[in-house]
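*Asks:* Heads up, the sequence shown is in my numbering, so the first residue is 26 and it goes up one at a time. Idealized CB from N, CA, C, for every residue including glycine. Would you mind keeping the following structure in view while I ask a few things?
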Amino acid sequence: MTGQLSGKIVLITGAGGTLGHSHACLMAARGAQVIVQDIRADAATATVDAVRQSGGEASALVCDVADVPTLTELIQAEEARLGRIDVLVNNAGISGMTAAFEDIDEANFDRMFDIHFKGSFYAARAVIPGMKARRSGKIINISSARAGYGAIGGSHYDGAKGALIGLTRAWANEFGGFGITVNAVAPGLVPFDATRRRLGEDVLAKRAAATIAGRLIQPADVSALVAFLASHDADIINGQVYSMKQHDKPHAG
Ligand SMILES: NC(=O)c1ccc[n+]([C@@H]2O[C@H](COP(=O)([O-])OP(=O)(O)OC[C@H]3O[C@@H](n4cnc5c(N)ncnc54)[C@H](O)[C@@H]3O)[C@@H](O)[C@H]2O)c1
Numbered sequence: 026m027t028g029q030l031s032g033k034i035v036l037i038t039g040a041g042g043t044l045g046h047s048h049a050c051l052m053a054a055r056g057a058q059v060i061v062q063d064i065r066a067d068a069a070t071a072t073v074d075a076v077r078q079s080g081g082e083a084s085a086l087v088c089d090v091a092d093v094p095t096l097t098e099l100i101q102a103e104e105a106r107l108g109r110i111d112v113l114v115n116n117a118g119i120s121g122m123t124a125a126f127e128d129i130d131e132a133n134f135d136r137m138f139d140i141h142f143k144g145s146f147y148a149a150r151a152v153i154p155g156m157k158a159r160r161s162g163k164i165i166n167i168s169s170a171r172a173g174y175g176a177i178g179g180s181h182y183d184g185a186k187g188a189l190i191g192l193t194r195a196w197a198n199e200f201g202g203f204g205i206t207v208n209a210v211a212p213g214l215v216p217f218d219a220t221r222r223r224l225g226e227d228v229l230a231k232r233a234a235a236t237i238a239g240r241l242i243q244p245a246d247v248s249a250l251v252a253f254l255a256s257h258d259a260d261i262i263n264g265q266v267y268s269m270k271q272h273d274k275p276h277a278g
């Protein structure tokens with residue numbers, strides 16, 4: 026396929042999930058060859074199949090992003106096989122785990138930071154040497170709008186997503202001189218099956234009606250921004266955090 030991402034090799038973590046699947050399909054439709062990483066083999070395969078059925082190119086990479094030695098070895102093997110990795114989208118995550126501050130035990134805390142922060146850090150560690158050598162690369166970290174405003178019961182999730190924003194800015198400075206850009210996308214609520222079950226359709230409909238747009242964010246809205254940041258059109262954009270928080274309708278007066 027040809028398009029805005031023609032010839033790019035893109036690694037997306039958590040690409041078996043709702044948003045990652047959408048990113049993989051859109052980026053492949055725009056010409057990218059996609060490495061679909063996920064901890065769930067069946068989900069990774071489903072995304073690979075969806076990309077191929079639309080005429081795109083994709084392969085699966087199954088591991089836990091928090092298992093650093095395995096993650097590093099598998100990414101390096103993919104890079105050796107394909108010749109390079111041009112774009113990394115750090116998207117793997119766990120959400121919907123609202124918990125009171127007192128109930129967040131150490132295992133819970135570690136898992137949240139291991140997946141979102143450590144996984145993103147070490148996925149980048151695996152691709153940065155090649156990007157530096159080619160003096161070209163793009164990293165997109167998927168944070169959350171909640172990192173910007175915080176939610177009750179979200180100290181572990183919101184904290185980990187906030188840490189990704191600090192990482193984005195540090196890397197933008199550290200790697201910018203090597204032709205590598207690093208940006209973050211911080212989606213607001215994107216309802217998918219688990220969210221629908223957790224919040225219920227009535228709550229979601231009320232939230233949608235309260236927004237200026239009159240609707241909630243869809244996966245394709247987030248994918249469009251991710252695909253843009255991965256493209257040459259965004260070559261000058263570095264160290265930015267794109268919050269997709271939806272604002273409520275303004276009150277008159
Ligand atoms: N959906 C939203 O409302 C929303 C809002 C803001 C941010 N986000 C973020 O967007 C990203 C994607 O979320 P989503 O909504 O598609 O959720 P999702 O649960 O559908 O997808 C997440 C994917 O990550 C994978 N994953 C989880 N742990 C992993 C691990 N240790 N190693 C590798 N893969 C792992 C899961 O298997 C899943 O396929 C996440 O980082 C999430 O925090 C989502």
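(1) Given a cut-off of 7 Å, decide if ILE242 and GLY213 are closer than it, judged by their beta-carbon atoms.
(2) In three-state DSSP terms, what is THR220?
(3) Helix, strand or coil for LEU30 per DSSP?
(4) Compute every distance between the C-beta of ALA68 and the non-hydrogen atoms of ligand 1, then say whether any falls below 6 Å.
(5) Kindly give me the distance between the Cβ atoms of ALA40 and ALA69, rounded to whole angstroms, as I take these residues to be in contact under 8 Å.
(6) To the nearest angstrom, report how far apart PHE126 and LEU250 are at their CA atoms.
(7) By the DSSP assignment, the alpha helix (DSSP H) with THR97 in it spans what residues?
(8) Give a yes or no on contact between the stretch 244-261 and the stretch 37-54, applying the rule of three or more CB pairs nearer than 8 Å.
(9) Using CA atoms only, rank isn't needed, just tell me which of ILE164, GLY118 and ASP183 is closest to GLY173.
(10) Look at the alpha carbon of ALA255 and the alpha carbon of THR193, and state the distance between them as a whole number of angstroms.
(11) Between which two residues does the beta strand (DSSP E) holding GLU127 run?
(12) Closer than 7 Å by C-beta to HIS141: which residues in its own chain qualify, once you throw out the five before and the five after it? Chain order, please.
(13) If I'm right that ALA170 touches SER47 with Cβ under 8 Å, what's the distance once you round it to whole angstroms?
(14) Does DSSP put ALA66 in a helix, in a strand, or in coil?
(15) Mapping DSSP to helix, strand and coil, what is ILE268?
(16) PRO212 by DSSP, collapsed to three states: which one?
(17) Quick one, which of LYS157, HIS181 and GLY179 has its alpha-carbon nearest ALA197's?
(18) What are the boundary residues of the beta strand (DSSP E) that includes ASN166?
(19) Where do the N-terminal and C-terminal ends of the beta strand (DSSP E) with SER84 fall, by residue?
(20) Name, in chain order, the residues that DSSP records as bridge partners for ILE140.
(21) Would the beta-carbon of VAL73 fall within 7 Å of that of ALA83?
(22) Quick one: grab the DSSP three-state call for GLN58.
(23) Our contact map puts VAL247 next to VAL207 with C-beta atoms below 8 Å; I'd like the distance itself, whole angstroms only.
(24) Quick one: is the Cβ of GLY42 within less than 6 Å of any heavy atom of ligand 1?
(25) For ARG160, I'd like the list of residues in its chain whose CB is within less than 6 Å of its CB, leaving aside the five on either flank, ordered along the chain.
(26) Give me whichever residues DSSP pairs with ASN115 in a beta bridge.
(27) Between GLN62 and LEU44, is the Cβ-Cβ spacing less than 7 Å?
*Replies:* In short:
(1) Counting from 1 along the sequence shown, the entry for residue 213 is found at position 188. Counting from 1 along the sequence shown, the entry for residue 242 is found at position 217. The Cβ atoms of GLY213 and ILE242 sit closer than 7 Å to each other.
(2) As a first step, residue 220 is located in the sequence shown; it is residue number 195 there, counting from the start. Helix, per DSSP.
(3) For this step, residue 30 is matched to residue 5 along the sequence shown. Residue state, collapsed to three classes: coil.
(4) Counted from its first residue, the sequence shown places residue 68 at position 43. Ligand 1 has a heavy atom closer than 6 Å to the beta-carbon of ALA68.
(5) Here residue 40 refers to the residue found at position 15 of the sequence shown. Here residue 69 refers to the residue found at position 44 of the sequence shown. Their Cβ separation, rounded to whole angstroms, is 7 Å, which keeps ALA40 and ALA69 in contact under 8 Å.
(6) For the purposes of this step, residue 126 is taken as residue 101 along the sequence shown, with counting starting at 1. For the purposes of this step, residue 250 is taken as residue 225 along the sequence shown, with counting starting at 1. Straight-line Cα distance between these residues: approximately 33 Å.
(7) Against the sequence shown, residue 97 aligns to sequence position 72. Segment 93-107, the alpha helix (DSSP H) holding THR97.
(8) Yes, since at least three Cβ pairs between the stretch 244-261 and the stretch 37-54 fall closer than 8 Å, the two stretches touch.
(9) Locating residue 173 in the sequence shown gives position 148, counting from the first residue. Comparing alpha carbon positions, the residue from ILE164, GLY118 and ASP183 closest to GLY173 is ASP183.
(10) As a working note, residue 255 is residue 230 in the sequence shown. As a working note, residue 193 is residue 168 in the sequence shown. Taking the straight line joining both Cα atoms gives about 15 Å.
(11) Sequence index remark: in the sequence shown, residue 127 carries index 102 (1-based). No beta strand (DSSP E) holds GLU127; DSSP gives it neither H nor E.
(12) Along the sequence shown, one-based indexing puts residue 141 at 116. Closer than 7 Å at the Cβ level, and outside the excluded window around HIS141, lie GLY118, ALA185, LYS186 and LEU189.
(13) Residue mapping note: residue 170 aligns to position 145 of the sequence shown, counting from 1. Residue mapping note: residue 47 aligns to position 22 of the sequence shown, counting from 1. Approximately 17 Å separates the beta-carbon atoms of ALA170 and SER47; this is outside 8 Å, ruling out the contact.
(14) Numbered from 1 along the sequence shown, position 41 holds the residue referred to as residue 66. In the three-state DSSP reduction, ALA66 falls in the helix class (H, G or I).
(15) The sequence position of residue 268 within the sequence shown is 243, counting from 1. For clarity, residue 268 is Ser in the given sequence; the question names Ile instead. DSSP places SER268 in strand when its eight states are reduced to three.
(16) Counting from 1 along the sequence shown, the entry for residue 212 is found at position 187. Residue state, collapsed to three classes: strand.
(17) As a first step, residue 197 must be located in the sequence shown, where it is residue number 172. Minimum Cα distance to ALA197 is reached at LYS157.
(18) Stepping through the sequence shown from its first residue, residue 166 is reached at position 141. Run containing ASN166: 162-167, per the beta strand (DSSP E) assignment.
(19) Indexing the sequence shown from 1 puts residue 84 at position 59. Element bounds for SER84: 82-87.
(20) In the sequence shown, residue 140 corresponds to position 115, counting from 1. In the DSSP output, where bridge partners are listed per residue, ILE140 has none listed.
(21) Stepping through the sequence shown from its first residue, residue 73 is reached at position 48. Stepping through the sequence shown from its first residue, residue 83 is reached at position 58. Yes, these two residues count as a Cβ contact at 7 Å.
(22) Taking the first residue of the sequence shown as position 1, residue 58 is located at position 33. In the three-state DSSP reduction, GLN58 falls in the strand class (E or B).
(23) Your numbering for residue 247 matches position 222 in the sequence shown. Your numbering for residue 207 matches position 182 in the sequence shown. That belief does not hold up - the Cβ atoms of VAL247 and VAL207 are roughly 18 Å apart, past 8 Å.
(24) Position 17 of the sequence shown, counted from the start, is the residue given in the question as residue 42. It does: the Cβ of GLY42 is within 6 Å (strictly closer) of some heavy atom of ligand 1.
(25) Numbered from its first residue, the sequence shown carries residue 160 at position 135. So the list reads PHE203 and GLY204, once near-sequence residues are dropped.
(26) To locate residue 115, count along the sequence shown from 1; it is residue 90. Per DSSP, ASN166.
(27) Here residue 62 corresponds to residue number 37 of the sequence shown, with the count starting at 1. Here residue 44 corresponds to residue number 19 of the sequence shown, with the count starting at 1. No, Cβ-Cβ distance for GLN62 and LEU44 is not below 7 Å.
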